[in-house]
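**Student:** Numbering (my numbering), first residue to last: 2 to 406.
Beta carbons: idealized from backbone N, C-alpha and C, even for Gly.
Once you've had a glance at the structure underneath, I'll fire off some questions.
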Ligand SMILES: *Cc1c(COP(=O)(O)O)cnc(C)c1O
């Protein structure tokens, strides 16, 4: 009972840390006291430090030494915000962090991250003073930007270091490039803002990306002619890191590539840089059963055994981030063999066909996604299942414990 209780407590701490709800005392306890996967059948997620280091090095090489603003939005693409950021912060190549949700920015500071944190989102004026107190750098793009930063100037007693977000054709966020100049001038002349940088995002449509970059650089050039220094210019997410060297500018801003996913074309991009998948989705086998000919498997009876065969059940399903479309296409690694997924992936269960021999036992560790063999690598899964590699990472259940290995 004692062990189970301890395990439960450790797990709850990891869960709370992963979802940024924990008081800082619990988060501080995490590294020394990780959850103990030895005691669990329930799924867990491993995050591999060395794979993160290797991917940072590859991005650095592809971008000939540009500083990296690491995008850790959406729970660091499933790795766990704090888990991933603590590792990434230890690399000198990582200049800072970018997030899209305000809560993530605060969570990074609460976890003790001291590198620059850049919030690529709108924030309410009521949160502005807190952002300043936590040294979180806002991005500005709205017509009321000066009013928004007012409480920050009060806290800092100085102009607010900020970046401007330019819309060069995404029509998603940012100030439209064709009316950016007078707006930037008004920020600069107000004395309330100290411009640290300007950035944009690409549509990832190759021809239009070139047009977008032209628009961006034209604004920067005009600004500079008018005596407005925009600071660090950055535009390249993972796709442009691979495909568009002219867009690497002063800094690059990748997410996916750092975590081991190829942004567009895994077969081609693998030749440019070998990335390593940084996560493993694991669970222990909870049931092994021999089917008779004619026995069916799971909802819809999608699979019917033609001859006697062994099947194994894993207690992880689509609610944990394993895609429904894995059925009939993907495999799961148990021991040193990859077994095909059959039947249907349900919310909390996945079933694999073991075959004529019982080569799997209850309690065996199964890896549903990870770097160990090509069959379970998310870059393979995305090709086989048609599920975006971004979804494969980002849909990993944030409540599962993250274990750094
Ligand atoms: C998500 C995001 C990125 C990173 O994109 P990847 O394709 O994961 O590298 C960069 N910039 C912005 C504005 C984003 O929203």
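Tell me whether residue 387 sits in a helix, a strand or coil according to DSSP, three-state version.
**Tutor:** Note: residue 387 maps to coil in three-state DSSP.
**Student:** Only counting the same chain, and skipping five residues up and downstream in sequence, which positions put a Cβ closer than 7 Å to that of residue 354?
**Tutor:** For residue 354, where only same-chain residues beyond five positions count, the Cβ hits under 7 Å are 310, 312, 340, 341, 343.
**Student:** Smallest Cα separation from residue 351: which of 370, 59, 155?
**Tutor:** Of the listed residues, the one whose Cα sits closest to residue 351 is 370.
**Student:** How about residue 258: is its Cβ closer than 7 Å to a heavy atom in ligand 1?
**Tutor:** Yes; taking the cut-off as 7 Å, the Cβ of residue 258 has a heavy atom of ligand 1 nearer than that.
**Student:** Determine the contact status of residue 284 and residue 43, defining contact as a CB-CB distance below 8 Å.
**Tutor:** Yes; because the gap between Cβ atoms is below 8 Å, this pair is in contact.
**Student:** Just verifying my parser: in three-state terms, what is the DSSP assignment at residue 350?
**Tutor:** Reduced to three states, the DSSP call for residue 350 is coil.
**Student:** What does the Cβ neighbour count give for residue 391, buried or exposed, with the cut at 16 atoms within 10 Å?
**Tutor:** By the neighbour-count rule (16 or more Cβ atoms within 10 Å), residue 391 is buried.
**Student:** With C-beta atoms as the reference, is residue 314 less than 8 Å away from residue 348?
**Tutor:** No, these two residues do not count as a Cβ contact at 8 Å.
**Student:** Check whether the region 188-196 and the region 204-213 are in contact - that is, three or more C-beta pairs closer than 8 Å.
**Tutor:** No, they do not touch.
**Student:** Rounding to the nearest angstrom, what Cα-Cα distance links residue 399 and residue 225 in this structure?
**Tutor:** Their backbone Cα atoms lie some 44 Å apart in a straight line.
**Student:** Does the Cβ of residue 254 lie closer than 7 Å to at least one heavy atom of ligand 1?
**Tutor:** Yes, since a heavy atom of ligand 1 falls inside the 7 Å radius drawn around the Cβ of residue 254.
**Student:** Residue 156 and residue 140: beta carbons closer than 8 Å?
**Tutor:** Not in contact: residue 156 and residue 140 (Cβ atoms no closer than 8 Å).
**Student:** Curious, which full-length alpha helix (DSSP H) runs of at least 4 residues does the region 90-129 contain?
**Tutor:** Those alpha helix (DSSP H) runs which fall completely within the region 90-129 and span 4+ residues are 103-111.
**Student:** If you run the structure through DSSP and keep just helix, strand and coil, what is residue 153?
**Tutor:** Correct three-state label for residue 153: helix.
**Student:** Can you list, in chain order, the residues of its chain whose CB lies under 7 Å from that of residue 235, leaving out five sequence neighbours each side?
**Tutor:** Answer for residue 235: 70, 198, 200, 250, 251, 252, 253, 254, listed in chain order.
**Student:** Within the chosen definition, does the region 324-341 reach the region 371-382 through at least 3 CB pairs nearer than 8 Å?
**Tutor:** Contact holds: three or more Cβ-Cβ distances are below 8 Å.
**Student:** Quick one: what's residue 45 bridged to in DSSP?
**Tutor:** Paired residue(s): 283.
**Student:** Counting only the same chain and skipping the five closest in sequence on each side, list residues whose C-beta sits under 8 Å from that of residue 243.
**Tutor:** If we look at residue 243 and ignore the five residues flanking it on each side, its Cβ neighbours are 63, 258, 263, 264, 265, 270, 273, 274.
**Student:** Check whether the Cβ of residue 74 lies closer than 7 Å to any heavy atom of ligand 1, and answer yes or no.
**Tutor:** Correct: residue 74 has its Cβ closer than 7 Å to ligand 1.
**Student:** Let me make sure I understand the geometry here. Which of 363, 322, 346 has the alpha-carbon closest to that of residue 46?
**Tutor:** Checking every option, the nearest Cα to that of residue 46 belongs to 322.
**Student:** Excluding the five sequence neighbours on either side, which residues of its own chain have a C-beta within less than 6 Å of the C-beta of residue 395, listed in chain order?
**Tutor:** Cβ within range, chain order: 75, 78, 79.
**Student:** Mapping the DSSP letters down to three states, classify residue 199 as helix, strand or coil.
**Tutor:** Of the three classes helix, strand and coil, the one that applies to residue 199 here is strand, per DSSP.
**Student:** Taking all protein chains shown into account, decide if residue 93 is buried (16 or more other Cβ within 10 angstroms of its Cβ) or exposed.
**Tutor:** With fewer than 16 other Cβ atoms within 10 Å, it is exposed.
**Student:** Would you mind reading off the limits of the beta strand (DSSP E) that contains residue 138?
**Tutor:** Segment 137-141, the beta strand (DSSP E) holding residue 138.
**Student:** May I ask you to list the residues that DSSP assigns as paired with residue 297?
**Tutor:** Paired residue(s): 305.
**Student:** Please name the residue in 143, 127, 345, 337 whose C-alpha comes closest to that of residue 360.
**Tutor:** Of the candidates 143, 127, 345, 337, the one whose C-alpha sits nearest the C-alpha of residue 360 is 337.
**Student:** Going by alpha carbons, who is nearest to residue 50 out of 38, 40, 83?
**Tutor:** Selected option, being the one with the closest Cα: 83.
**Student:** Looking at residue 261 and ligand 1, is the gap between the Cβ and the nearest heavy atom below 7 Å?
**Tutor:** Checking every heavy atom of ligand 1 against the Cβ of residue 261, none is found closer than 7 Å.
**Student:** Leaving out five residues on either side along the sequence, give the residues of the same chain with a beta carbon under 8 Å from the beta carbon of residue 132.
**Tutor:** Excluding residues within five positions, the ones whose Cβ falls inside 8 Å are 103, 106, 120, 124, 139, 153.
**Student:** CA-CA distance, residue 145 and residue 215?
**Tutor:** Distance between the alpha carbons of residue 145 and residue 215: 27 Å.
**Student:** I need the DSSP call for residue 235, collapsed to helix, strand or coil.
**Tutor:** In this structure, residue 235 counts as strand in the three-state DSSP scheme.
**Student:** Confirm the yes/no value for this check: CB of residue 139, any heavy atom of ligand 1, distance under 7 Å.
**Tutor:** For ligand 1, not one heavy atom lies less than 7 Å from the Cβ of residue 139.
**Student:** Comparing alpha-carbon positions, which option in 289, 167, 281, 326 lies nearest residue 303?
**Tutor:** Selected option, being the one with the closest Cα: 326.
**Student:** Distance, Cα to Cα, residue 173 vs residue 240?
**Tutor:** Using only the alpha carbons, I get a separation of about 18 Å.
**Student:** Relative to the C-alpha of residue 162, which residue among 55, 38, 231 is closest?
**Tutor:** The shortest C-alpha separation from residue 162 is found at 231.
**Student:** Look at the alpha carbon of residue 90 and the alpha carbon of residue 167, and state the distance between them as a whole number of angstroms.
**Tutor:** Their Cα atoms are separated by approximately 27 Å.
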